[in-house]
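Each residue of the sequence shown is one higher than the last, beginning at 85 in my numbering. Beneath this line is the structure, given in structure tokens, with notes to follow.
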Amino acid sequence: MALMVKLLRVTASGAWICALVGCGGVSANNADAGADGDSDSDSDSDTDADSDSDSDSDSDSDTDADSDSDSDSDGDADCDEDCDDDVDCTEDTCADGACQHVPNPDRCGDDDPCNGIEECNPQEGVSGSGCVPLDPPDCNDGVGCTEDACVQFEGCVHYPVDDDCGDGDPCNGVDRCDPRMGCQSEPPVDNDGDGWAGGNCPDDCDDTKNDVFPGAEEVCSDSLDNDCNDYVNDGCAGDDCASAEDITAAGQLPGGGTFWGSTFGSSTDFATCGEGTGDVVYRFSLPAYGVVYADTFGSGFDTSLEIVSGCPPSTRYDCVSGACGGGTSQLAMALEGGEYYLIVAGNPDSVPTWGNYELHFLAAVCPDCTRVVEDGTYAGDTTAAADDSISVGCNNPEAGGRDVAYWWSYCPGDHVLEAATCGTSWDTIIYVTLGGRAGEQLTCNDDVAGCGAASLQSQLQTTISGPGVYFLVVDAYHAADVGAFELDLALGL
């Protein structure tokens, strides 16, 4: 039986399709209405119903389901893979179907601002990188006292230089550099608050004491140059006998007293040591026979010392210029009770003949005192002596023994003293003092085994630091112990 075929035209695609009347041997259920060899009704070769050649249902030629002709479904016409401009410093993107190339300066440079910050300029930059080097930074801050520099990886820094400020004279104000404000002036240093600049400034000669400054009133009882004229206690009492300072009380203290002064500007009242220089006069009294000691160790010029009675002098007792191998003086002598003058002057054979001095003075009443000047064995007797010693140290406080004293002077330095009474028949005590019997006791000894009869005699060895005048007292442990003795002395002079 012959099939009847009725052909119909589908207007939308312009294809001919079979009606249900049998088309060749094709079943009506899968009839190719477009006559293009596939099972859909369009005229292309894919199996979808649109007219393009891909297998999706849209009308474009790619295989995704959107309506543009890209392959990644982002709607930008597939320009991503084509926007790289081969310039390192640009950010390459695609937007609305067009490539964008945005300069990024962070992709340029080495993070060191000192060799110039770089910018990204694809038109003018180095090929491939797009970076354009700029000039190094100008670190000049406009402050004249700063040192401007560029520190690697840090940038501009500004160091203050104080030396670029002021006139270099700290005494008219200390000039400092403020990195922001430039040179700033500060008041000069005045540590003691007396209104005068100290430190390296010449105005205040002692910036630790507020009673020392130019023009201050001289204080005669101290050791200071109060008015900063380079002379200690100048213009104070003592330029003549009438204004002489009385030093008796200080001289009777254990160890004596110390006085400071200057002969600058003083008149010449005494022909000290036979020749006259400017002098200063002190006065002292001895109530009874005793020992007087004075020295000028520590003075700033060569000195002379003299003791006289009366003013003008009726008697000159002793005068020394220089002692102990130096230009300063040392005087020690025994005097009867009375009033005396001690004169401090310059050595007429030295230059200068005036200056600042330091005077040490001691006056000790000492009956039965004998001066010794060399080592040896000294014979003595306490039978007619009195009990003048103090009961301290190893002395027997109930003894009331009679005693005899010896004295000598030391130059500066250490001296080893040795003393013994081993050749004596009665029980002895010996002790050493600074400043007479009543002075400071330095050492003592009662008995030493193997020394004398029944080991009741005394022996000592001690080191004494000079200068000064020292006394050794031979005393008895019991009041009944009196008589002759032998004293062996090695002074260590």
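Ideal Cβ positions, reconstructed from N, Cα and C, are used throughout, including at glycine.
Tell me the residue span of the beta strand (DSSP E) that contains residue i.
i, result
"THR177", "174-179"
"ARG400", "399-405"
"GLU458", "Counting along the chain, GLU458 falls outside any beta strand (DSSP E), and DSSP gives it neither H nor E."
"ARG191", "Where ARG191 is concerned, there is no enclosing beta strand (DSSP E), given that its DSSP letter is neither H nor E."
"ASP324", "ASP324 -> no beta strand (DSSP E), and no H or E assigned at all."
"ASN431", "It is not in any beta strand (DSSP E) - ASN431 carries neither H nor E in the DSSP assignment."
"ASP363", "363-370"
"ASP379", "374-379"
"CYS183", "182-187"
"THR467", "Per DSSP, THR467 belongs to no beta strand (DSSP E) and is neither H nor E."
"ILE391", "387-393"
"VAL316", "Taken as a continuous stretch (DSSP letters only), VAL316 belongs to no beta strand (DSSP E), as it is neither H nor E."
Alpha carbon to alpha carbon, how far is residue i from residue j?
i, j, result
"TYR377", "VAL553", "7 Å"
"LEU446", "SER434", "27 Å"
"CYS107", "ASP169", "Because the pLDDT of CYS107 is 42, which lies under 50, any placement of that residue in the model is unreliable, and the number read from its coordinates should be weighed accordingly. Roughly 59 Å separates the two Cα atoms."
"ARG191", "GLY200", "14 Å"
"LEU526", "PHE555", "10 Å"
"THR347", "ASP511", "52 Å"
"TRP280", "GLY523", "44 Å"
"VAL235", "PRO244", "15 Å"
"VAL516", "CYS453", "13 Å"
"CYS249", "GLY410", "49 Å"
"GLU270", "CYS255", "10 Å"
"SER351", "ALA418", "29 Å"
"ASP194", "GLY239", "13 Å"
"GLY497", "PRO551", "7 Å"
"ASN440", "ALA564", "53 Å"
"CYS223", "GLU231", "10 Å"
"ASP314", "THR292", "16 Å"
"VAL296", "GLY322", "22 Å"
"ASP246", "CYS285", "18 Å"
"ASN431", "VAL303", "26 Å"
"GLY340", "GLY519", "7 Å"
"THR387", "TYR401", "17 Å"
"ASP259", "CYS229", "11 Å"
"SER398", "THR412", "26 Å"
"GLN545", "ALA489", "17 Å"
"TYR373", "ARG455", "13 Å"
"VAL241", "GLY266", "15 Å"
"CYS312", "ASP287", "8 Å"
"GLN336", "VAL449", "8 Å"
"GLY464", "PRO338", "26 Å"
"VAL392", "GLY282", "43 Å"
"PHE381", "LEU573", "27 Å"
"TRP344", "VAL316", "7 Å"
"VAL375", "CYS478", "25 Å"
Given residue i, which residues of its chain have a CB within under 7 Å of its CB, disregarding the five upstream and five downstream residues?
i, result
"THR467", "VAL566, GLY567"
"ARG486", "THR466, ALA469, ALA470, ASP471, ALA560, VAL566"
"CYS395", "CYS325, TYR425"
"CYS204", "CYS173, THR174, PRO187, ASN188, PRO189, ARG191, CYS192, GLY214, CYS215"
"PRO371", "GLY421, VAL449"
"ALA300", "ASN310, ASP311"
"PRO298", "TRP280, ASP287, ASP311, CYS312"
"GLY576", "HIS499, VAL500, LEU501"
Terminal residues of the continuous alpha helix (DSSP H) containing residue i?
i, result
"ALA334", "332-335"
In chain order, what residues of the same chain have a beta carbon less than 6 Å from the beta carbon of residue i, not counting five sequence neighbours either side?
i, result
"ARG367", "ALA328, ASP330, TYR425"
"ILE427", "PHE354, THR356, ASP363, VAL365, GLU390"
"ALA416", "TYR377, SER493, VAL553"
"THR342", "HIS444"
"SER369", "THR332, GLU423"
"GLN541", "THR505, CYS506, THR508, THR512, CYS535"
"SER549", "ASP498"
"ASP262", "GLN268"
"ASP379", "GLN414, HIS444, PRO551"
"GLY360", "THR352"
"ALA233", "VAL241"
Could you pull out every residue in the same chain whose Cβ sits closer than 8 Å to the Cβ of residue i, ignoring the five residues on either side in sequence?
i, result
"PRO206", "ASP169, VAL171, CYS173, THR174, HIS185, PRO187, GLY214"
"ASP219", "GLY200"
"CYS183", "CYS163, ASP166, CYS167, ASP169, ASP176, THR177"
"PRO436", "PHE385, GLY430"
"GLY257", "GLY250, SER269, GLU270, PRO271, PRO272"
Could you tell me whether any non-hydrogen atom of the ligand ZN is closer than 7 Å to the CB of residue i?
i, result
"GLY339", "Only the bare structure without any ligand can be found here, which leaves the ligand ZN out of the picture."
inquiry  = So within the stretch 496-571, which uninterrupted beta strand (DSSP E) runs reach at least 3 residues, ignoring any that extend past its ends?
reply    = 512-518, 524-529, 543-560
inquiry  = If we require 3 or more residues per run, which beta strand (DSSP E) segments fall completely within the stretch 233-314?
reply    = 239-244, 258-262, 266-270
query = Between the stretch 532-540 and the stretch 457-466, are three or more C-beta pairs nearer than 8 Å?
reply = no
ask   = Does the pairing of the stretch 406-414 with the stretch 265-276 give three or more beta-carbon distances under 8 Å?
value = no
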